[in-house]
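S.K.:
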Amino acid sequence: MKVFSNYDLSALNTFRMKVKCARFVEYESVKELEELDFSTLPDPVKHIGRGSNLLFTKDFPGTILHSSVDYIKYIDLGLDEVYMAVGAGVEFDRFVEEACKAPYWGAENLSLIPGEVGAAAVQNVGAYGAEVKDIIAGVVCLDTREHRKVVFKVGECGYGYRDSMFKRSGGRYIVTSVLFKLSRKYKPNLEYKGLKDALGGKEPESPMQVREAVCSLRRSKLPDPAQVGSAGSFFKNPVVDAATFARIALQNDTVPHYLLPGGLVKIPAAWMIEQCGLKGQKEGGAAVYDRQALVIVNSSGDAAPEDILRLEMRIVSAVEDRFGVELVPEVEHI
Ligand code: EPU
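Just so we're aligned, residue 773 is where the sequence shown starts under my numbering, counting upward by one.
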């Protein structure tokens, strides 16, 4: 177990905010986590993955916990259905790459998503027509209130768009491993139009081929966290009712949209932000990414949290004024 006081978190958040926490604790096994005496840790206690969906708005007065529980187990009985049990501290894309190599179908559309397996299960990460809940069979957690191990089946995790009951539990559950259910049978998911195009309109032969197409799509649109600080999409795509959509459609020639069950309509926030003329706009060291308007980047490399927050407020009020829709951040503010 590694324990540090007054610890610099710049390398532990992909936005690269220069902030510190009072205590940093990294555990190497679930046993170490179970033996941790939470009553001795400075409050509040916050568990993070690789900090790829977080905005630290200031120094953190409490304890940051991090898992380095790193294992991948294959549970393959030779059936169509195959399982992988993965430690929460494994880099999510390492799991995806291993699954594609196996070759198992199911994880390939989620290639190159930053972060770790535990955080991916909390956040229900998604991309290119897939969400991680589609391949989760179960999630193993430490219940910090009852101090015992609990196993949730996927149906018990309260999954929604970038949402889960873990997110709403106020830190009660710490994910320690995830059981993924994949398929040996040919099962590509090409619902996302851009993905079909990236594959040249041909049926893919392997999950690795889909992975490569997804990686090239992501590299063309999203900043590489190793080069530019960001936390991916900053806002959720808003979901509106049909009347609101009709009002927006009346005032704009074409409105990209996706129909959802129950007569609801999802409108890409990136399109709204771009329509407000905000692509490339700056506040101090922060900017709206010029290739994907839903992403805020630390363009100068030394943006302060206030720069990001000012840009966020500017975007929210511009979109509200023009479309009457309130954008909600996807990135967690701490
Ligand atoms: N668009 C614009 N301007 C832009 C970018 C996009 O008008 O600058 C419009 C286009 O009409 C495009 C549509 O927005 O067709 C959707 O764009 P895109 O396919 O890039 O996806 P997104 O809705 O902006 C979501 C996820 C991403 C994920 C992509 C691809 C959320 C909040 N974001 O973005 O996830 O990679 O789809 O599936 O749902 C993340 O969560 O951090 C993330 C990167």
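Glycine is no exception: its CB is placed at the ideal position from the N, C-alpha and C atoms. Treat the numbers as computed from the prediction; the structure is a model and nothing was measured.
Within 10 angstroms of the Cβ of Ala1014, are there 16 or more other Cβ atoms? Answer buried if so, exposed if not.
M.R.: The residue given as residue 1014 occupies position 242 in the sequence shown. Counting Cβ neighbours within 10 Å, Ala1014 comes out exposed, since fewer than 16 surround it.
S.K.: Note down the Cα distance separating Tyr931 from Val1091, rounded to an integer number of angstroms.
M.R.: By 1-based counting over the sequence shown, the position of residue 931 is 159. By 1-based counting over the sequence shown, the position of residue 1091 is 319. The alpha-carbon atoms of Tyr931 and Val1091 are separated by roughly 27 Å.
S.K.: Report the three-state DSSP secondary structure of Asn778 (helix, strand or coil).
M.R.: Residue 778 sits at position 6 when you count from the first residue of the sequence shown. It is a strand residue.
S.K.: With C-beta atoms as the reference, is Phe828 less than 8 Å away from Pro1077?
M.R.: Numbered from 1 along the sequence shown, position 56 holds the residue referred to as residue 828. Numbered from 1 along the sequence shown, position 305 holds the residue referred to as residue 1077. Closer than 8 Å, so yes.
S.K.: Take Pro816 and list the residues in its own chain whose beta-carbon comes closer than 8 Å to its own, dropping the five residues that flank it on each side.
M.R.: For the purposes of this step, residue 816 is taken as the residue at position 44 of the sequence shown. If we look at Pro816 and ignore the five residues flanking it on each side, its Cβ neighbours are Pro833, Gly834, Thr835, Gly943.
S.K.: Go through the region 944-984 residue by residue and report every complete run of the beta strand (DSSP E) that reaches 3 residues or more, in order.
M.R.: 945-955
S.K.: At the level of alpha carbons, what is the spacing between Val1157 and Pro875?
M.R.: There is simply no residue 1157 to check, as the chain begins at 773 and stops at 1106 in what is shown.
S.K.: In the DSSP assignment, what residue or residues form a beta bridge with Tyr1030?
M.R.: Position 258 of the sequence shown holds residue 1030. Beta-bridge annotation (DSSP): Tyr1030 is paired with Lys1038.
S.K.: To the nearest angstrom, how far is it from the Cα of Glu963 to the Cα of Gly973?
M.R.: Your numbering for residue 963 matches position 191 in the sequence shown. Your numbering for residue 973 matches position 201 in the sequence shown. Approximately 12 Å, taken between the alpha carbons.
S.K.: By DSSP, does Pro833 sit in helix, in strand, or in coil?
M.R.: In the sequence shown, residue 833 corresponds to position 61, counting from 1. If DSSP states are grouped into helix, strand and coil, Pro833 belongs with the strands.
S.K.: In or out: Tyr933 buried (at least 16 other Cβ within 10 Å) or exposed?
M.R.: Counting from one through the sequence shown, the residue named residue 933 turns up at place 161. When all chains shown are included, Tyr933 counts as exposed.
S.K.: Let's test the definition: count the other Cβ atoms within 10 Å of the Cβ of Gly1096 and tell me whether it reaches 16, buried, or not, exposed.
M.R.: Taking the first residue of the sequence shown as position 1, residue 1096 is located at position 324. Result: exposed.
S.K.: What are the start and end residues of the alpha helix (DSSP H) that includes Asp865?
M.R.: For the purposes of this step, residue 865 is taken as residue 93 along the sequence shown, with counting starting at 1. 864-873 is the extent of the alpha helix (DSSP H) around Asp865.
S.K.: Ignore the nearest five residues each way along the sequence and tell me which others in Val1000's own chain have a CB closer than 6 Å to its CB.
M.R.: Sequence index remark: in the sequence shown, residue 1000 carries index 228 (1-based). Val1069.
S.K.: Excluding five sequence neighbours on each side, which residues of the same chain lie with their C-beta closer than 7 Å to the C-beta of Asp780?
M.R.: Indexing the sequence shown from 1 puts residue 780 at position 8. Closer than 7 Å at the Cβ level, and outside the excluded window around Asp780, lie Lys792.
S.K.: Between Ala891 and Ile820, what straight-line distance do the alpha-carbon atoms span, to the nearest angstrom?
M.R.: Taking the sequence shown and counting its residues from 1, the one referred to as residue 891 is at position 119. Taking the sequence shown and counting its residues from 1, the one referred to as residue 820 is at position 48. For Ala891 and Ile820, the distance between alpha carbons rounds to 7 Å.
S.K.: So the candidates are Ala794, Asp996, Lys921; which of them puts its Cα closest to the Cα of Asn778?
M.R.: Stepping through the sequence shown from its first residue, residue 778 is reached at position 6. The candidate whose alpha carbon is nearest that of Asn778 is Ala794.
S.K.: Under the three-state reduction of DSSP, which class applies to Ile1020: helix, strand or coil?
M.R.: On the sequence shown, residue 1020 is found 248 positions in, with the first residue counted as 1. If DSSP states are grouped into helix, strand and coil, Ile1020 belongs with the helices.
S.K.: Note the first and the last residue of the continuous beta strand (DSSP E) segment covering Gly1004.
M.R.: Reading the sequence shown from its first residue, position 232 is the one you call residue 1004. 1001-1005 is the span of the beta strand (DSSP E), which, as asked, contains Gly1004.
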